[in-house]
Amino acid sequence: MKRALSVFSVLLIGLIASASTLTTRFYLTELDFTSNQPVPESEVRYKDYISAEYENNNIIKKLYVNRRGETTRAELFLYDSTNTLKSTNVYLPNDQLVRQILFGLEEKAVEYIEYVYGVDTVKDWTDRFSILDFNEESLLKSHGFFDVNAFRYGHVEFEYDSTGRLTHEAWVRHPAGKTMRWWDHIFDPETQLTRIMEFDSNGVLVQDFQLSPDGTESIFWYTELVDSLFINHTNLHFKNVSKLEWGSLTWYEVDTGEVFLDSIEIFLPKNMLKEGTFAINMELDSLLNDSAMYNVVFNGKGKSGYDATQRSVLGLTYDVSSPILSIGTKPYINEPIVQFDQSEPLITAQLTWIDISDSAKIIVTEFDSLDLTKAGSRLFRPSAQADLQDSTFYRLSFIGTDHATNVSKPTIIDSILYDIRKPVTAMISPYNGEYRNITTISFSIDEPIQSWDIAVKSMGGEPDPESPYYYQADSSLYLSDTVYKELSDEFLLNDGTKYYMEVRVIDRAGNQSESTSVDSVTYDITPPVITTIYPPSGSAINVSTISYSNNEQLRAGEFR
C-alpha cells in the first residue's frame, strides 16, 4: 500500500506548483529571520538554515533544514479571507502536529473567560492568541490563553489513558495556578458510554452525565416502546437520566419499504425535561392514520450543552381497529372441535362453551400460540380444551385480541349438540333362520342417524358367485325410529342361498353403533313342487286320507 504524502512532501509540491507567485528567502539563524536578514541560497549549502516562503509579503511556510538537507520542522501559516493571520501549525518530520497557535479571540478562550471571570460578553481583541500543544499521539494536552501582552492568563490541560481516551480536563487560572473547574471522564467498556463528572473550584460536583461514542449525551430512554410494536394509543413512557434543555418527538409515517410519507413533531413540556421517569399522552390519536407504520425519533439538547443522543423506535404499527372474527363448527359433534377466521393476527383468543340449559355452566378455553396459527384452517381441537358434558346443547362465544390490544366483538353460534354416546340399533326383519322371498330389511334406532351400512355375505345353500354385498346409505338424516330398505334397489340376492347380514349406524355427531346382525336367512323365490300320490286322479275313494310328496320344506299348505 502506498504511503500517504507527508506534510513536507505537500510543501515541496506547493513550492513547485506556485513558484511563479511565491518568493523564498533563506536565513541562517532564528535571529536573522526575526530581523529579516536573508542570505543568498548559495550561503546555506551544507549548513543548518531556515527556508521561508512568502506570498504577497505574507509568510505561508517556514522550514527548518539541517546541513544534510533534511527538514526537521515545518510551520504552516493560514490566513482568513481578509488576509489576516489566523493560525500557525507546527509539524515534526513524522507528520506529527506538535503545536497550533490561534490568533484572535477563539471559541474556547471566550468560554474560559466567561466562566472564570464571570462575564457575559468578552471584548474581541485581535491581539489575543492561544497556544495548543499536542502529545506524541497528536492529542491535545494543553490549551493556553494569552492576552495582548503575551501573558498567559489561563490554560486547559488534558490527560488520557493508554488507549488515547480523555480521562481528565482541568481549567487553570494564572498566575495563581488555581484549578477553577475540572472534569473526570470514566469510560464503561460494556455500555461504551463515558461518564463525565464536572467539579467546581471547591471540588463540588456540578454535573454528572454520560456521553455516547458519537459525542452526544445519553439522556433520554424509552421505557416501554420497542421496535416493531403494535399500539392503539399515543401514550409515552420514558426516563431522563439527566436534565434536558429541550426535547422533541417526531412521528415519521413510512411505508413497508421505509419510504417517508409524512411527519408530526411534538415538544416535551418543561416539567418533563428534568431527571426522572415520566408518562405522557401525546394526544396524536386524531392525527395518526389507522394501520399505518411509524418511526418515532427523539431529539434534544442536554443542560450540559451537548446534543442529546438520538433515540429511535422503528416500525410501530398504529392500529385502533378491532379484529373481526368468525367461529364455526358442525351442529352435532362428538369432540370439541372448531374452526375460526380473522381479519388480522391475534395475540390472544378465548372460546367459551355455554350450556344452553344452564348458563351458569361454562367452559372457557384459552388458545395457545399453536392454536392462533390455525386461522382459516380445518376443524381442530384447541390444545387446552376440556371435555364437554355429553348430550348437551352449547352456545359458543369467541373473542380475540390483536397485537395492538384491540379486543374484538364476540362472535356467537348457537345450539351445538355435544354427543359421545353410541347409537343403539337392532334388526327387525329378517330374523335368524328366516326363509323369505323378499329383500326388504328393517331395523330400529334409538336416535336420529346420519347414515348406515349393511354387509350381506353368503353362508350356505346355493353358491352365490357375487357375494359378498355391501351398501352404505347416503348422509341423509333419518329421524324415524325404524329404517326400511329394499335391498333389490342396490343388488340382487341369489335364489336358494343362505345369507349373513350385518348393519351399523352412525348418529349425527359421528358416533358409530355396535353392529346388529342376523344369520341363516335363506332367500327363496322358487315355488315348491308338490306331487299327489293318493288318491290318483279320476279315482273313487271312500276315505279322506291323502298322500303327497314335495321337493322342499314347507311353511304352510292346504288342500281344496
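Using this note's numbering, the first residue of the sequence shown is number 170, and each one after it goes up by one.
All residues carry an ideal CB built from backbone N, CA and C; glycine is no exception.
Exposure label - residue i; buried when at least 16 CB within 10 Å
i	result
S644	exposed
M192	Rather than Met, the amino acid found at residue 192 in this sequence is Thr. The residue is exposed, with fewer than 16 neighbouring Cβ atoms inside 10 Å.
R547	exposed
P551	buried
I715	exposed
P697	exposed
S178	Here the model assigns S178 a pLDDT of 48, short of 50, so the residue's position is not dependable and the matter cannot be decided.
T740	This structure cannot speak to residue 740, because the chain is shown only from 170 to 729.
S323	First, the amino acid is wrong: residue 323 is Gly here, not Ser. Flag for G323 reads buried.
T534	buried
R297	buried
L380	buried
S187	Note that S187 has pLDDT 46, beneath the 50 cutoff, so the model's placement of it is unreliable and no number is given.
Y653	exposed
L515	buried
T392	exposed
S584	exposed
V317	exposed
F536	buried
L557	buried
R729	exposed
G726	exposed
V373	exposed
I502	buried
N409	buried
S682	buried
I675	buried
L456	exposed
G416	buried
P599	buried
H312	buried
Residue i - partner residues in DSSP beta bridges
i	result
E721	Looking at the DSSP assignment, E721 forms no beta bridge with any residue, so it has no partner.
D676	I618
R731	With the chain represented from 170 up to 729, any question about residue 731 goes unanswered, as that position is not in the structure.
Q681	I675
I699	N719
N409	F389, G445
G416	G469
D383	Note: D383 sits in no beta bridge, so no partner.
N404	N450
V234	Y218, T240
N227	E224
F429	V423
K654	I610
Y692	R605, T666
F399	T486
V687	M670
I355	R364
Cβ separation of residue i and residue j, assumed to be a contact under 8 Å, to the nearest whole Å
i	j	result
L541	A518	6 Å
D396	G484	5 Å
R350	Y284	7 Å
S620	T651	About 16 Å separates the two Cβ atoms, so there is no contact after all.
Y647	E659	Actually they do not touch by this definition, with Cβ atoms about 16 Å apart.
S611	I493	With 8 Å as the limit, S611 and I493 do not qualify as a contact, their Cβ atoms being about 50 Å apart.
Y218	V234	6 Å
S299	F315	7 Å
A339	E326	5 Å
D588	A678	4 Å
S684	E671	5 Å
W522	I506	Wrong, their Cβ atoms sit about 12 Å apart, outside the cutoff.
L274	N258	That belief does not hold up - the Cβ atoms of L274 and N258 are roughly 19 Å apart, past 8 Å.
L128	V482	Because the chain here runs from 170 to 729, residue 128 falls outside it and cannot be looked at.
Start-end ranges of the beta strand (DSSP E) lying completely within the stretch 618-646, minimum 3 residues: 618-630, 638-641
Mind pulling the alpha helix (DSSP H) runs of 4 or more residues that sit fully within the stretch 247-325? 276-285
Can you check the stretch 433-519 for any alpha helix (DSSP H) of at least 4 residues that lies completely inside it and give the ranges in chain order? none
The stretch 697-705 in contact with the stretch 526-536 per 3-pair CB rule at 8 Å: no
Contact between the stretch 627-635 and the stretch 586-601: three or more CB pairs below 8 Å? no
If you pair each beta-carbon of the stretch 381-389 with each one of the stretch 468-478, do three or more pairs fall below 8 Å? yes
Three or more C-beta pairs below 8 Å linking the stretch 651-668 and the stretch 615-628: yes
If we count Cβ pairs, one from each stretch, closer than 8 Å, do we get three or more for the stretch 202-219 versus the stretch 231-240? yes
In chain order, which continuous runs of the beta strand (DSSP E) of length 3 or greater are located wholly inside the stretch 510-588? 515-524, 531-535, 561-571, 580-587
Could you pull out every unbroken alpha helix (DSSP H) segment of at least 4 residues lying fully inside the stretch 186-214, listed in chain order? 199-203
Can you find at least 3 beta carbon pairs, one from the stretch 299-311 and one from the stretch 252-269, that sit closer than 8 Å? yes
Tell me, please, whether the stretch 429-438 touches the stretch 411-421 by the rule of three or more beta-carbon pairs shorter than 8 Å. yes
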